[in-house]
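Novice: My questions will all concern the structure given below.
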Amino acid sequence: MITPIKLAPWLATFGLFAVWELVCRLFSVPEFILPAPSAAIAALIEYWPAIWQNAFYTFWVTMVGFALAVVFGLALGLVTGASALVYSAIYPLLVGFNSIPKVAIVPVLVVWFGIGTIPAILTAFTISFFPIVVNVATGLATLEPEIRDVMRSLGARKIDILLKVGVPRSMPYFFASLKVAITLAFVGTVISETVAGNGGMGHLMLTASSSFRVPLVFAGLLVIAAMGVGMYAIFALVERRFVGWAFRGGDTG
Amino acid sequence: MTAFVELDQVTMTYGGAGSDTTPAVADASLTINRGEFVAMVGPSGCGKSSLLKIVSGLMPADEGITRVAGEAVIRPLTMVGMAFQNATLLPWRTTLENVLLPLEVSRTHRATFRRKKAEHIEAARSLLKTVGLEGYEDHAPYELSGGMQQRASLCRALIHAPDLLLLDEPFAALDAFTREELWGVLQDLWMQRKFTVILVTHDLREAVYLADRVYVVSKRPGRIVYERPVPLARPRTLESTFDQGFVDLVHKLRDHIGEVRAS
Ligand SMILES: Nc1ncnc2c1ncn2[C@@H]1O[C@H](COP(=O)(O)OP(=O)(O)O)[C@@H](O)[C@H]1O
Ligand SMILES: [Mg+2]
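Order-wise, the sequence lines are chains L and X. Here the first sequence stands for residues 891 to 1143, where the numbers follow this note's numbering. Here the second sequence stands for residues 77 to 339, where the numbers follow this note's numbering.
So, in structure tokens, the structure goes:
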């Protein structure tokens, strides 16, 4: 059934594009400053083969970086959340590292690994790693003292407390962080491709803008946004599927 | 009758004996017999929960001797059942799975859990039936009312047949009707199984209804200032709470609480 809630995102998106189109036309905004959506879509169709190729490249680079972030973020989050000592030791380091603009790291990565895929993967990784660690650690560290007491007074091992209570409890935090992390991973990849790439959407948009093909730049932005929304939606579904219990019996279906 | 829980001049300060804060528990001495039902009442913040933690070994005392079943408590006991004001059920497990948790993790049962699983499930179902939760075994905790969650929490505290049950204001968050209903449920369980109970509560009627003996704890630092046996016949019923003997006891306790608060 089509409910207002389901319709709303489509209407809002369509509305935004309509306003944008209207503004461009009414004020005759030059195309090299702000192309109308129709122009961006025209560019999208015209350059589709090149866009498709670069988008696919950006997509898998992002997925590799994101996958690394999930594995390491989950592992580090569990270690940090389970041990107060590790938590206090590495938290400042993590925060400090996360405060560094990732665009500043790319040149270093290029010195180490050369221009191309690896710096992009690593940038996607470093930018999407932090929210996963923080969320998983928070989920573990905020365990109710009562349930810990129940477990300890049964003679439960630390590993049992972690596996039976801590880990399941941190899963909603983990899945919530994935939605944030996946969109950040796209940001990381595109930054790296723009600063030092020889392919991908970032590289494509940089080339396009340097030859003033601004509609193509906007076509690229739309494609990146669409990939981000798509992946976010997939992880929202995954979240509902795996930690539906955390939604308190709302419409988990 | 043998002493099962013994506290002798126990003092405990959060942050250790050297810290300059007031002790949470001071010079507490008490003796609880095996199979006895004891209630502890006192103003909020007076150290009742802390006393339970000392008895269970979750929190070491700084001074004095704590003994359970004849042995000094120097580490967390491993065969205790606990329930709190919050039911603290795990929301990703069904009611039945929540009740089975102690058997999965307790030192005595975890090695044989898989082998005896069918047997354990049978035991858990029958325990849930005793407290009136038949048919809710496969429901998630959020599908249960507060009173039903607390029933499940009691089952979780008892499934591994602990010798000692520690209850920290387990009914405090419930409405009056549900609370009084659960007094009956708990009394039935106790009369069937005869474990030792320490119940912390701020409800004097609850203390008199359930306990064989009531301790009154002073305000912080918690000392045991009054002890009162409850010689009423069992099983006690809601009607019997209107008997003169019952009402007198409640009044007597109220006077002592009044003194404690005013002191
Ligand atoms: N983990 C803790 N750290 C420091 N102080 C605590 C802690 N737990 C309780 N206290 C303090 O110890 C005193 C007794 O607490 P508690 O045993 O919880 O009292 P009650 O259960 O009787 O309300 C209170 O004043 C409380 O503030
Ligand atoms: Mg308390």
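Where is the CB? At the ideal position from N, CA and C, for every residue including glycine.
Taking 8 Å as the line, does the beta carbon of X:Ser-125 fall inside it for any heavy atom of ligand 4?
Specialist: For ligand 4, the structure offers nothing, since it holds only ligand 1 and ligand 2.
Novice: Given a cut-off of 9 Å on the beta-carbon distance, is the pair X:Val-273 and X:Val-114 in contact?
Specialist: X:Val-114 sits close to X:Val-273, with the two beta carbons spaced by under 9 Å.
Novice: For X:Glu-315, would you say it is in contact with chain L, using Cβ-to-Cβ distances shorter than 9 Å as the test?
Specialist: no
Novice: Give a yes or no on whether the C-beta atoms belonging to L:Ala-929 and L:Glu-921 are separated by under 9 Å.
Specialist: A contact, by the Cβ cut-off of 9 Å.
Novice: Between X:Phe-80 and chain L, is any beta-carbon pair separated by less than 9 Å?
Specialist: no
Novice: Taking the beta carbon of L:Asp-1039 as the centre, do at least 16 other beta carbons fall within 10 Å, making it buried, or is it exposed?
Specialist: By the neighbour-count rule (16 or more Cβ atoms within 10 Å), L:Asp-1039 is buried.
Novice: Under 9 Å, Cβ to Cβ, is there at least one residue of chain X near L:Val-1040?
Specialist: yes
Novice: Compute the beta-carbon to beta-carbon distance between X:Leu-240 and X:Val-156, rounded to the nearest angstrom, for a pair I have assumed lies under 8 Å.
Specialist: 5 Å
Novice: Determine, using beta carbons only, whether X:Ala-104 and X:Val-86 come nearer to each other than 9 Å.
Specialist: Using a Cβ distance threshold of 9 Å, X:Ala-104 and X:Val-86 count as a contacting pair.
Novice: Within the 9 Å Cβ cut-off, does L:Ser-1043 reach chain X?
Specialist: For L:Ser-1043, the answer is yes, since a Cβ of chain X falls inside 9 Å of its Cβ.
Novice: Say yes only if the C-beta of X:Glu-210 is nearer than 8 Å to one or more non-hydrogen atoms of ligand 2, and no if none qualify.
Specialist: no
Novice: Is the shortest distance between the beta-carbon of X:His-278 and the beta-carbons of chain L less than 9 Å?
Specialist: Under the Cβ criterion of 9 Å, X:His-278 is not counted among the residues facing chain L.
Novice: For a contact defined as C-beta to C-beta under 7 Å, what are the partners of X:Phe-160 on chain L?
Specialist: Glu-1036
Novice: Give me the subset of the segment 1046–1070 of chain L whose CB atoms are less than 7 Å from a CB atom of chain X, sorted by chain position.
Specialist: Of all residues in the segment 1046–1070 of chain L, Ala-1046, Asp-1050, Lys-1054, Val-1055, Pro-1058 have a Cβ within less than 7 Å of some Cβ in chain X.
Novice: Please tell me whether, using a cut-off of 8 Å, the distance from the CB of X:Glu-245 to the nearest non-hydrogen atom of ligand 2 is below it.
Specialist: yes
Novice: Can you pull the chain X neighbours of L:Arg-1138, defined as C-beta to C-beta under 7 Å?
Specialist: Ordered by position in chain X, the residues that pass the 7 Å Cβ test against L:Arg-1138 are Tyr-218.
Novice: Taking the C-alpha atoms as reference points, what is the distance between L:Asp-1141 and X:Tyr-218?
Specialist: Low local confidence applies: a pLDDT of 44 at L:Asp-1141 is under 50, so the model's placement there is unreliable, and no value is given.
Novice: Find out if the Cβ-Cβ distance for the pair L:Pro-1062, L:Val-1133 is shorter than 9 Å.
Specialist: yes
Novice: Between L:Val-1133 and chain X, is any beta-carbon pair separated by less than 9 Å?
Specialist: The C-beta of L:Val-1133 comes closer than 9 Å to at least one C-beta of chain X.
Novice: Quickly, what does DSSP pair X:Leu-240 with across the bridge? List them, please.
Specialist: X:Val-156, X:Thr-272
Novice: Check whether the Cβ atoms of X:Leu-280 and X:Val-326 lie closer than 9 Å to each other.
Specialist: yes
Novice: According to DSSP, is X:Tyr-291 helix, strand or coil?
Specialist: strand
Novice: Tell me whether the beta-carbon of X:Pro-238 lies closer than 9 Å to the beta-carbon of X:Phe-271.
Specialist: yes
Novice: Within this structure, are the beta carbons of X:Pro-152 and X:Ser-120 separated by less than 9 Å?
Specialist: no
Novice: Under the rule that 16 or more other beta-carbon atoms within 10 Å means buried, what is L:Ser-1100, buried or exposed?
Specialist: exposed
Novice: With a threshold of 16 other CB atoms inside 10 Å of the CB of X:Pro-297, please say whether the residue is buried or exposed.
Specialist: buried
Novice: Counting only C-beta atoms, is X:Val-156 closer than 9 Å to chain L at any point?
Specialist: So yes, X:Val-156 belongs to the interface.
Novice: Could you give the DSSP three-state label for X:Tyr-90: helix, strand or coil?
Specialist: DSSP places X:Tyr-90 in the coil class of the three-state scheme, outside both helix and strand.
Novice: From what residue to what residue does the alpha helix (DSSP H) around L:Tyr-977 run?
Specialist: From DSSP, the alpha helix (DSSP H) with L:Tyr-977 extends over 974–989.
Novice: Grab the span of the alpha helix (DSSP H) containing L:Ala-930 for me, first residue to last.
Specialist: Here the alpha helix (DSSP H) through L:Ala-930 covers 927–936.
Novice: Pick helix, strand or coil for L:Asp-1141, following the three-state DSSP scheme.
Specialist: Only weak support is given to the placement of L:Asp-1141: the predicted model assigns it a pLDDT of 44, under 50, and the value that follows is read from those uncertain coordinates. Coil, per DSSP.
Novice: At a CB distance below 8 Å, what residues from the segment 172–201 of chain X approach chain L? Give them in sequence order.
Specialist: Leu-177, Pro-178, Glu-180, Val-181, Ser-182, Arg-183, Thr-184, Arg-186
Novice: Can you tell me which of the three DSSP states X:Met-116 falls into?
Specialist: strand
Novice: Quick test of your reading: X:Glu-213 and X:Arg-227, contact by CB under 8 Å. State the CB separation rounded to the nearest angstrom.
Specialist: Not really, about 12 Å apart at Cβ, beyond 8 Å.
Novice: Rounded to whole angstroms, what is the Cα-Cα separation between L:Met-1121 and L:Ala-902?
Specialist: 19 Å
Novice: Restricting to Cα atoms, I'd like to know which of L:Ile-895, L:Ile-1011, L:Met-1091 is closest to L:Gly-1110.
Specialist: L:Met-1091
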